[in-house]
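*Asks:* The sequence shown begins at 1 in the working numbering and counts up by one. Just dropping this structure here.
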Amino acid sequence: MDSPYNVLGVAPGAGDDAVRDAYRSLMKSHHPDQGGTTEEFIRIKKAYESIQADDAAARAARARAGRRASTDGGTATCHPGAGAGAEATIHDDSTAITCTNGVGLELRGEYLTLRLVGVDDSADLAKLVADHALPADGDDDRPVAFLTVENTSDRTVRWRGTQSLSFVGSDDNAYESAEEYRPSEPKLPDGWTGSDIAVESGEELRVVVIAEALAEDVEIRGLQYTQNVFARGPSGRGIEDKERFSFEIAPSAKPLLARAPF
């Protein structure tokens with residue numbers, strides 16, 4: 001049986017970005033909407049999820065080792081957040097907030113504050129995407145998330161929703177954002193965007209992200225977004241820090257979030 005890395009065509013132990021880029025490329029070329037087979041589509045998805053699960057287990061093991069080291073004679077040997085191997089700080093304790101659309105969910109991080117203000121499991125793409133970019137088979141319904149992104153840090157951070165936002169289904173599978181169906185700016189109200197864009201310190205964006213098609217009878221139960229923060233300065237090309245936002249959408253909150261903000 002091929003290893004999950006072989007299925008995605010990347011080297012064992014490849015970094016998050018390389019794995020995600022390979023996964024997105026394969027999912028796009030093998031998607032049933034594009035003529036691919038369901039079997040290969042599922043095989044690719046399971047390979048990606050296997051790598052993600054292994055990475056999560058490894059991070060947990062390193063965290064436990066770090067905690068043990070920090071109490072061993074007072075010498076800490078685990079330094080999350082430093083260099084290319086930076087560990088993501090997890091933010092998953094959302095707070096209900098009042099927003100212009102009614103009720104939303106908020107997660108506060110060190111660099112960004114994300115507010116989920118709407119989720120539609122089956123939005124009409126024709127209202128969001130340029131006509132020439134709509135699926136050729138006429139299947140125009142996709143899950144869509146509406147968020148605000150506030151940069152609460154003292155540095156510029158690039159929002160990467162089309163690359164780093166995943167929709168979590170009721171089948172526990174992760175459904176990636178569908179970059180090929182990126183919202184068209186002329187179809188969005190003023191102040192909303194579907195693009196990946198730099199967010200200046202103190203600035204707030206309103207963003208729309210479209211997901212790939214869900215499996216039959218699957219609903220959206222959560223969202224996950226990872227923000228990479230790059231080192232400052234002309235030579236600062238490495239990832240200095242990461243934070244991961246995880247929204248869990250309870251059944252009681254789902255109807256309140258189902259109203260689109262426009």
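Beta carbons are placed, not taken as given, at the ideal position from N, Cα and C, and that holds for glycine. Remember, predicted model here, so these are calculated numbers, not experimental data.
My assumption, with CB atoms under 8 Å, is that S184 sits in contact with A126. Please give the rounded CB distance.
*Replies:* Locating residue 184 in the sequence shown gives position 184, where the first residue counts as 1. Locating residue 126 in the sequence shown gives position 126, where the first residue counts as 1. 11 Å between Cβ atoms; not a contact.
*Asks:* Give the DSSP-derived three-state secondary structure of T162 in the structure shown.
*Replies:* Counted from its first residue, the sequence shown places residue 162 at position 162. The answer is helix: DSSP assigns T162 an H, G or I state.
*Asks:* As a quick exercise: from S246, Y181, R259 and S252, pick the residue whose alpha carbon is nearest that of G109.
*Replies:* Position 109 of the sequence shown, counted from the first residue, corresponds to residue 109. Comparing Cα positions, the closest option is S246.
*Asks:* Using CA atoms only, rank isn't needed, just tell me which of D16, S50, H30 and R206 is closest to N151.
*Replies:* Here residue 151 refers to the residue found at position 151 when the sequence shown is read from its first residue. Cα-wise, what sits closest to N151 is R206.
*Asks:* With E240 and A253 assumed to form a contact (beta carbons below 8 Å), what rounded beta-carbon distance in angstroms separates them?
*Replies:* Position 240 of the sequence shown, counting from 1, holds the residue named residue 240. Position 253 of the sequence shown, counting from 1, holds the residue named residue 253. The Cβ separation is near 34 Å, so there is no contact.
*Asks:* By Cβ distance below 7 Å, which residues in the same chain neighbour A47 in space, the five residues on each side in sequence not counted?
*Replies:* For this step, residue 47 is matched to residue 47 along the sequence shown. Once the five neighbours on either side are set aside, the close Cβ partners of A47 are P4, V7 and L8.
*Asks:* Residues bridged to D263 by DSSP?
*Replies:* Outside the shown range of the chain, which is 1 to 262, sits residue 263, and nothing can be said about it.
*Asks:* Looking at the unbroken beta strand (DSSP E) that takes in N228, where does it start and where does it end?
*Replies:* As a position in the sequence shown, residue 228 is number 228, starting the count at 1. Where N228 is concerned, the enclosing beta strand (DSSP E) stretches over I220 to F230.
*Asks:* Report the rounded CA-to-CA distance for D140 versus T156, giving the unit in angstroms.
*Replies:* As a working mapping, residue 140 is identified with position 140 in the sequence shown. As a working mapping, residue 156 is identified with position 156 in the sequence shown. Each residue's CA atom was taken as its position, placing D140 and T156 some 35 Å apart.
*Asks:* What are the boundary residues of the beta strand (DSSP E) that D17 is part of?
*Replies:* Taking the first residue of the sequence shown as position 1, residue 17 is located at position 17. Run containing D17: none in the beta strand (DSSP E); it sits in the alpha helix (DSSP H), D16 to H30.
*Asks:* Which first and last residues belong to the alpha helix (DSSP H) in which K254 is found?
*Replies:* For the purposes of this step, residue 254 is identified with residue 254 of the sequence shown, where counting begins at 1. For K254, the enclosing alpha helix (DSSP H) covers residues K254 to L257.
*Asks:* Since N266 is in the alpha helix (DSSP H), which residue starts that stretch and which ends it?
*Replies:* Here the chain has residues from 1 to 262 only, and residue 266 is not among them.
*Asks:* Given a cut-off of 7 Å on the beta-carbon distance, is the pair D154 and S201 in contact?
*Replies:* Looking up residue 154 in the sequence shown gives position 154. Looking up residue 201 in the sequence shown gives position 201. Contact flag set, yes.
*Asks:* Checking 7 Å against the spacing of the C-beta atoms, do L112 and Q224 come in under that value?
*Replies:* On the sequence shown, position 112 is the one that residue 112 refers to. On the sequence shown, position 224 is the one that residue 224 refers to. The answer is no: Cβ separation not under 7 Å.
*Asks:* Is S50 helix, strand or coil by DSSP?
*Replies:* For this step, residue 50 is matched to residue 50 along the sequence shown. Looking at S50 - three-state DSSP - the assignment turns out to be helix.
*Asks:* Use the C-beta contact count for G191: other C-beta atoms within 10 angstroms, 16 or more gives buried, fewer gives exposed.
*Replies:* Locating residue 191 in the sequence shown gives position 191, counting from the first residue. The residue in question, G191, is exposed, as its Cβ has fewer than 16 Cβ neighbours within 10 Å.
*Asks:* Does DSSP classify F262 as helix, strand or coil?
*Replies:* Within the sequence shown, residue 262 is the residue found at index 262, counting from 1. F262 sits in coil when the DSSP states are folded into three classes, being neither helix nor strand.
*Asks:* Considering just the uninterrupted stretch of the beta strand (DSSP E) at D154, what are its terminal residues?
*Replies:* Locating residue 154 in the sequence shown gives position 154, where the first residue counts as 1. No beta strand (DSSP E) holds D154; DSSP gives it neither H nor E.
*Asks:* Leaving aside the five residues before and after S50 along the sequence, list all residues of the same chain whose C-beta is less than 8 Å from its C-beta, in chain order.
*Replies:* For this step, residue 50 is matched to residue 50 along the sequence shown. Result list for S50: P4, in chain order.
*Asks:* Starting from A96, trace the beta strand (DSSP E) both ways and give me its first and last residue.
*Replies:* In the sequence shown, counting from the first residue as 1, residue 96 sits at position 96. Here the beta strand (DSSP E) through A96 covers T95 to C99.
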